[in-house]
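Quick notes on the structure that follows.
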Amino acid sequence: MDYHAIHGHDIASFDTSESTHRLPTVPASQAWEELKANPATHISTGLDALDRALLGDAVDSQDAAAKGGIKRGQVTEIWGPPGCGKTALGIQLAANALSDGNGVVWVDCFQNLQTQRLANVLKSVRDSRILAGSGETQDVDPSKLVHYTCMTLPHLLAFISRPTTTTIPPNVSLIVISSPTALINSFLPRSLEGKRNPKQAKGPTASSKRLQGLQFIMNTLQKLAATKDCAVVLLSQCATKMRSEQRATLVPSINTTVWEQGVSTRLVLFRDWAWHANKSSSVFLAGLQKIDGRAVQDASDHVSAFKIEAAGISSVHYKASDPGMEVAVVAQRPKRKLGQTELEVPDSEDDEDYGWADEDEDALPPPPSQWQGSEDLILGKDAGLSEDEQEPDDGIQEYYFEDDEAGEGDRSNNETDWRT
1130 MDYHAIHGHD IASFDTSEST HRLPTVPASQ AWEELKANPA THISTGLDAL DRALLGDAVD
1190 SQDAAAKGGI KRGQVTEIWG PPGCGKTALG IQLAANALSD GNGVVWVDCF QNLQTQRLAN
1250 VLKSVRDSRI LAGSGETQDV DPSKLVHYTC MTLPHLLAFI SRPTTTTIPP NVSLIVISSP
1310 TALINSFLPR SLEGKRNPKQ AKGPTASSKR LQGLQFIMNT LQKLAATKDC AVVLLSQCAT
1370 KMRSEQRATL VPSINTTVWE QGVSTRLVLF RDWAWHANKS SSVFLAGLQK IDGRAVQDAS
1430 DHVSAFKIEA AGISSVHYKA SDPGMEVAVV AQRPKRKLGQ TELEVPDSED DEDYGWADED
1490 EDALPPPPSQ WQGSEDLILG KDAGLSEDEQ EPDDGIQEYY FEDDEAGEGD RSNNETDWRT
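Residue numbering for the sequence shown follows my numbering, beginning at 1130 and increasing consecutively.
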């Protein structure tokens, strides 16, 4: 009698067979060459200079066939102040991914996407590819764009932590999450608490809950990008950071270590003035701060200028050091006493009489009898004395001021004055 005659066949699929269901072994060098040669690993931003900068050092700069852009399988963060073009860049990425025949998932966390705006950019990308004759042009399937609205953090966590084939199709190459930091900072606010009160109940603090939540969200986004082989793009807001004796700076809305380690590529968007024929115009700038998990050393060399139109974004010429524009850099000046500045101090000894005669005070009637003993409270102890007869004050207060020429919005020296 054999084994199966006594125990029966294994119906739980634990029996050994020749098929081990393992992936075929591929040499690392071969996999690396295939990865570099595959143009589908990147999604174009629509800006050639920015696409080349996003290639990094992995691809030779002389390789003209290499097309850069946002890399798939990673988490990319695009942050900046309001009105700097974050949504426009996200729409351009979605239009390029749809034109390549891939699927796109757009998740709104703060405001709804204007679908007509995306349709205009899609039409522009298709027309430009027809004129350029680059590959086969085909109509974009509208069903490849999946649009969701998650206005609460639990809805967003449920969407990214339990993805299904119906919520995220298999052919998706780009997932854009607009304003996720608004939900995170609303449901997991920053904690300003100091030391814990020993009488408080034991348990995790608000700061530890926020840290655990950020770690879970970032780990989930990384797994989503790796398992779906898609680029996860976060359109984040910014915050103002104030430091003592320093100017205010703009930083990402979430800048903890856990969040920084999870973001592989980071772009910052801002606006500046461009000068053409002594005329100023607004220009949008995109700077590369981080790529493949490493901070960019010289960030000023990886800045791309663009403009936003109804047909999408396009590159423009921008020169930071324009000779027609004078840039004044003023060093921070030390505080000066008000007496050193030829400014008039109220109630000082140099005040003029403004034409008042001293005999006018003598013509005034004496105070009534019911005021006796209380005029010190109403008029002060020196009410009847002239400026020369007033007793000198031992504790003379010195006034300081700060020139506004040190920079617009510089209020670093006034932070400590609020408490005095």
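Every residue gets a Cβ at the ideal spot worked out from N, C-alpha and C, and that includes glycine. Just so we're clear, the structure is a prediction, and the values are computed from it rather than from any experiment.
Per-residue burial, residue 1397 [other beta carbons within 10 Å of its own, 16 or more giving buried]: Position 268 of the sequence shown, counted from the start, is the residue given in the question as residue 1397. Counting Cβ neighbours within 10 Å, residue 1397 comes out buried, since at least 16 surround it.
Of the residues 1220, 1288, 1208 and 1204, the one placed nearest residue 1244, counting alpha carbons only: As a first step, residue 1244 must be located in the sequence shown, where it is residue number 115. When each option's Cα is compared against that of residue 1244, the closest is 1220.
Counted within 10 angstroms of its Cβ, other Cβ atoms place residue 1380 as buried (16 or more) or exposed: Locating residue 1380 in the sequence shown gives position 251, counting from the first residue. Label assigned to residue 1380: exposed.
Beta-carbon spacing of residue 1382, residue 1281 below 7 angstroms: By one-based count along the sequence shown, residue 1382 stands at place 253. By one-based count along the sequence shown, residue 1281 stands at place 152. The answer is no: Cβ separation not under 7 angstroms.
Meets three-Cβ-pair contact criterion under 8 angstroms: the stretch 1175–1183 and the stretch 1330–1340: no
Residue range of the unbroken beta strand (DSSP E) whose run includes residue 1380: Counted from its first residue, the sequence shown places residue 1380 at position 251. Unbroken beta strand (DSSP E) run through residue 1380: 1378–1381.
Cβ-heavy atom distance, residue 1391 to the ligand HEM, below 6 angstroms: What this structure holds is no ligand at all, so the ligand HEM is not there to describe.
Residues of its chain near residue 1232, where Cβ-Cβ distance is below 6 angstroms and the 5 sequence neighbours each way are ignored: Sequence index remark: in the sequence shown, residue 1232 carries index 103 (1-based). Closer than 6 angstroms at the Cβ level, and outside the excluded window around residue 1232, lie 1273, 1298, 1300 and 1301.
Status (buried if at least 16 other CB within 10 Å, exposed otherwise) for residue 1203: As a working note, residue 1203 is residue 74 in the sequence shown. Buried: at least 16 other Cβ atoms inside 10 Å.
Under 7 angstroms between C-beta atoms of residue 1208 and residue 1365: To locate residue 1208, count along the sequence shown from 1; it is residue 79. To locate residue 1365, count along the sequence shown from 1; it is residue 236. Going by C-beta atoms, residue 1208 is nearer than 7 angstroms to residue 1365.
Residues bridged to residue 1405 (per DSSP): Against the sequence shown, residue 1405 aligns to sequence position 276. The partner list for residue 1405 (beta bridge, DSSP) reads 1408.
Inside the stretch 1258–1325 only - alpha helix (DSSP H) runs reaching at least 4 residues: 1282–1290 and 1309–1316
Opposing strand residues paired with residue 1388 [DSSP bridges]: Here residue 1388 is taken as the residue at index 259 of the sequence shown, counted from 1. According to DSSP, which records beta bridges pairwise, residue 1388 is partnered with nothing at all.
CB contact check: residue 1388 to chain B, cutoff 7 angstroms: In the structure shown, chain B cannot be found, because there is only a single protein chain.
Whole-number beta carbon distance between residue 1377 and residue 1385, since they are thought to touch under 8 angstroms: What you label residue 1385 is simply residue 256 of the sequence shown in a count that begins at 1. What you label residue 1377 is simply residue 248 of the sequence shown in a count that begins at 1. Contact flag wrong, Cβ pair sits at about 20 angstroms.
Paired residues, beta bridge with residue 1445 - DSSP: As a working note, residue 1445 is residue 316 in the sequence shown. Residue 1445 is not bridged to any residue.
Close beta carbons around residue 1181, own chain, < 7 angstroms, minus the five adjacent residues each side: Position 52 of the sequence shown, counted from the start, is the residue given in the question as residue 1181. Closer than 7 angstroms at the Cβ level, and outside the excluded window around residue 1181, lie 1197.
Stretch-stretch touch, CB-based, cutoff 8 angstroms, three pairs: the stretch 1408–1416 with the stretch 1434–1451: yes
Coil, strand or helix - residue 1440 by DSSP: Here residue 1440 refers to the residue found at position 311 of the sequence shown. Residue 1440 falls in the coil class under three-state DSSP.
Nearest residue (CA-CA) to residue 1291, options 1439, 1201, 1183 and 1350: Position 162 of the sequence shown, counting from 1, holds the residue named residue 1291. Taking only the C-alpha atoms, the option nearest residue 1291 is 1350.
Range of the contiguous alpha helix (DSSP H) that encloses residue 1232: On the sequence shown, residue 1232 is found 103 positions in, with the first residue counted as 1. Element bounds for residue 1232: not the alpha helix (DSSP H) but the beta strand (DSSP E), 1232–1237.
Three-state class that DSSP yields for residue 1203 in the structure shown: Position 74 of the sequence shown, counted from the start, is the residue given in the question as residue 1203. Three-state DSSP puts residue 1203 in coil, outside helix and strand.
Coarse secondary structure for residue 1419, derived from DSSP in three states: Working through the sequence shown from its first residue, we reach residue 1419 at position 290. Of the three classes helix, strand and coil, the one that applies to residue 1419 here is strand, per DSSP.
Alpha carbon of residue 1289 to alpha carbon of residue 1283, nearest angstrom: Along the sequence shown, read from residue 1 onward, the residue named residue 1289 stands at position 160. Along the sequence shown, read from residue 1 onward, the residue named residue 1283 stands at position 154. Their backbone Cα atoms lie some 10 angstroms apart in a straight line.
Straight-line Cα distance separating residue 1199 from residue 1251: The count along the sequence shown starts at 1 and reaches residue 1251 at position 122. The count along the sequence shown starts at 1 and reaches residue 1199 at position 70. C-alpha separation (whole angstroms): 18 angstroms.
Environment of residue 1408 [buried if 16+ CB atoms lie within 10 Å]: Here residue 1408 is taken as the residue at index 279 of the sequence shown, counted from 1. Residue 1408 is exposed by the Cβ-count criterion.
Of the residues 1317, 1419 and 1448, the one placed nearest residue 1401, counting alpha carbons only: The residue given as residue 1401 occupies position 272 in the sequence shown. Checking every option, the nearest Cα to that of residue 1401 belongs to 1448.
Reduced DSSP category for residue 1477 - H, G, I as helix; E, B as strand; rest coil: Walking along the sequence shown from the start, residue 1477 turns up at place 348. Here the model assigns residue 1477 a pLDDT of 49, short of 50, so the residue's position is not dependable and the matter cannot be decided.
CB contact flag (residue 1305, residue 1362, <7 angstroms): Locating residue 1305 in the sequence shown gives position 176, counting from the first residue. Locating residue 1362 in the sequence shown gives position 233, counting from the first residue. The answer is yes: Cβ separation under 7 angstroms.
Distance between residue 1308 and residue 1339 (C-alpha atoms, nearest Å): For the purposes of this step, residue 1339 is taken as the residue at position 210 of the sequence shown. For the purposes of this step, residue 1308 is taken as the residue at position 179 of the sequence shown. Their Cα atoms are separated by approximately 17 angstroms.
For residue 1398: DSSP bridge partner residues: Numbered from 1 along the sequence shown, position 269 holds the residue referred to as residue 1398. Residue 1398 pairs with 1415.
Beta-bridge partners of residue 1367, as assigned by DSSP: Residue 1367 sits at position 238 when you count from the first residue of the sequence shown. Its beta-bridge partners are 1381.
Whether residue 1241 touches residue 1439 by CB criterion (7 angstroms): As a working note, residue 1241 is residue 112 in the sequence shown. As a working note, residue 1439 is residue 310 in the sequence shown. Contact flag unset, no.
Residue closest to residue 1278, alpha-carbon to alpha-carbon, out of 1184, 1254, 1317 and 1238: As a position in the sequence shown, residue 1278 is number 149, starting the count at 1. Closest option to residue 1278, Cα to Cα, is 1238.
Beta-bridge pairing of residue 1433 - partner residues as DSSP gives them: Looking up residue 1433 in the sequence shown gives position 304. Answer by DSSP bridge pairing, in chain order: 1415.
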